[in-house]
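**Q** Just passing along the structure, written as structure tokens.
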Amino acid sequence: MKKYIAYLLLVFLGTTFISCDDPIDVELTEAPPRLVIEASLDWEKGTAGNNQTVKLSTSTPFFDNNSDTSVLGASVKVTNNDTNAEFIFTDQNDGTYTTNSFVPLLNNSYTLEVVYNGEVYNATETLMPITGINEVFQSFEGGFDEDLLDVNITYDDPQELGNYYMIRLQEVGDLFPIIETRSDEFTNGNVQDEFFEKDEDDDNPDNQFDPGDSVNIKLFGISERYYNFITLLIEQYDSAGNPFATTPAEIRGNCINVTNEDNYAFGYFRVTEFDQVDYTFQ
114 MKKYIAYLLL VFLGTTFISC DDPIDVELTE APPRLVIEAS LDWEKGTAGN
164 NQTVKLSTST PFFDNNSDTS VLGASVKVTN NDTNAEFIFT DQNDGTYTTN
214 SFVPLLNNSY TLEVVYNGEV YNATETLMPI TGINEVFQSF EGGFDEDLLD
264 VNITYDDPQE LGNYYMIRLQ EVGDLFPIIE TRSDEFTNGN VQDEFFEKDE
314 DDDNPDNQFD PGDSVNIKLF GISERYYNFI TLLIEQYDSA GNPFATTPAE
364 IRGNCINVTN EDNYAFGYFR VTEFDQVDYT FQ
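In case it helps, the working numbering puts the sequence shown at residues 114 to 395.
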């Protein structure tokens with residue numbers, strides 16, 4: 114009798130493990146492809162800023178393996194609304210559109226116009242200034258764990274209320290950067306001190322900054338609208354895998370289809386000044 118029960122148990126367990134290998138088909142609703150506009154006109158402090166690139170592509174269904182979604186044959190133009198100067202971006206036949214004649218002027222308003230498939234997309238942004246990075250240093254004291262190295266930057270916030278920042282840090286060799294946003298709502302007119310420390314990773318105990326590691330840090334001056342946009346994206350990314358997080362929602366940028374508002378585009382048109390520094394841990 115015991116042998117018979119043991120045999121039934123083995124059959125049950127074997128059937129259970131085999132059934133776990135069965136493929137599961139997931140039916141997903143496929144949306145029509147939309148234009149994706151990546152237009153970040155970033156002017157590095159102290160440079161001419163004349164070389165700029167806009168990238169156009171199309172969205173794809175979740176399970177689509179088509180890796181080439183480049184948009185060719187579009188018309189791309191940026192206009193300075195304060196001076197009426199126009200900058201035409203040339204199609205490079207690979208999804209990128211470039212110009213070497215852009216003129217960045219602080220606090221000027223710029224409008225992007227993209228014409229694609231007979232429809233016109235517009236977006237407007239103001240070129241936000243940045244005071245620049247004052248100091249970069251390492252320490253064990255600024256972070257959450259006093260046993261881990263962190264890197265700090267300081268910068269001055271102007272007295273005018275309503276300044277917004279994006280900080281982008283990428284370690285040499287890493288595929289993805291760390292991106293954070295800041296507002297001066299409660300720190301207006303003060304020297305800002307920001308620190309970056311790698312989060313603990315149980316799967317990778319070596320996930321920390323060590324002497325000899327090099328990082329690139331960029332500080333951007335951004336508009337309030339872009340601050341809200343990128344902050345929502347960061348929050349959704351950071352909450353991935355969290356069972357208690359709110360359901361991700363579609364986040365739209367500032368690119369509007371003026372021909373057919375229902376056929377809106379993804380992406381964002383930003384115009385910023387930024388400062389950057391490379392730092393190697395000692």
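Don't be surprised by glycine CBs; every beta carbon is placed ideally from N, CA and C.
Any idea what DSSP makes of Gln272, helix, strand or coil?
**A** The sequence position of residue 272 within the sequence shown is 159, counting from 1. The answer is coil: DSSP assigns Gln272 none of H, G, I, E or B.
**Q** Mind checking Val304: buried by the 16 CB within 10 Å criterion, or exposed?
**A** Within the sequence shown, the letter at position 191 stands for residue 304. So Val304 ends up on the exposed side.
**Q** What's the gap between the Cα of Gln395 and the Cα of Asn329?
**A** For this step, residue 395 is matched to residue 282 along the sequence shown. For this step, residue 329 is matched to residue 216 along the sequence shown. Whole-angstrom Cα-Cα distance: 15 Å.
**Q** Please tell me whether Tyr210 and Leu169 are closer than 8 Å, where the distance is taken between their beta carbons.
**A** Translated into the one-based positions of the sequence shown, residue 210 becomes position 97. Translated into the one-based positions of the sequence shown, residue 169 becomes position 56. Their beta carbons are under 8 Å apart, which means Tyr210 touches Leu169 by this criterion.
**Q** Got a sec, what are the start and stop residues for the beta strand (DSSP E) Phe379 sits in?
**A** As a working note, residue 379 is residue 266 in the sequence shown. In the DSSP annotation of this structure, the continuous segment of the beta strand (DSSP E) that includes Phe379 starts and ends at Phe379 to Thr393.
**Q** Please report the distance separating the alpha-carbon of Thr212 from that of Leu261.
**A** In the sequence shown, counting from the first residue as 1, residue 212 sits at position 99. In the sequence shown, counting from the first residue as 1, residue 261 sits at position 148. Put simply, the backbone Cα of Thr212 is about 44 Å away from that of Leu261.
**Q** Excluding the five sequence neighbours on either side, which residues of its own chain have a C-beta within less than 6 Å of the C-beta of Tyr278, listed in chain order?
**A** On the sequence shown, residue 278 is found 165 positions in, with the first residue counted as 1. Arg295, listed in sequence order.
**Q** Kindly identify the DSSP beta-bridge partner or partners of Asn213.
**A** Position 100 of the sequence shown, counting from 1, holds the residue named residue 213. In DSSP, Asn213 forms no bridge with anything.
**Q** Between Cys368 and Ile150, how many whole angstroms is the CB-CB distance? I'm expecting something under 8 Å.
**A** As a first step, residue 368 must be located in the sequence shown, where it is residue number 255. As a first step, residue 150 must be located in the sequence shown, where it is residue number 37. About 5 Å; that satisfies the 8 Å criterion.
**Q** Just how far apart, CA to CA, sit Asn265 and Phe215?
**A** Along the sequence shown, read from residue 1 onward, the residue named residue 265 stands at position 152. Along the sequence shown, read from residue 1 onward, the residue named residue 215 stands at position 102. Taking the straight line from one Cα to the other gives about 33 Å.
**Q** Just to confirm the assignment, what range does the beta strand (DSSP E) spanning Ala152 have?
**A** Translated into positions along the sequence shown, residue 152 becomes position 39. Leu148 to Glu157 is the span of the beta strand (DSSP E), which, as asked, contains Ala152.
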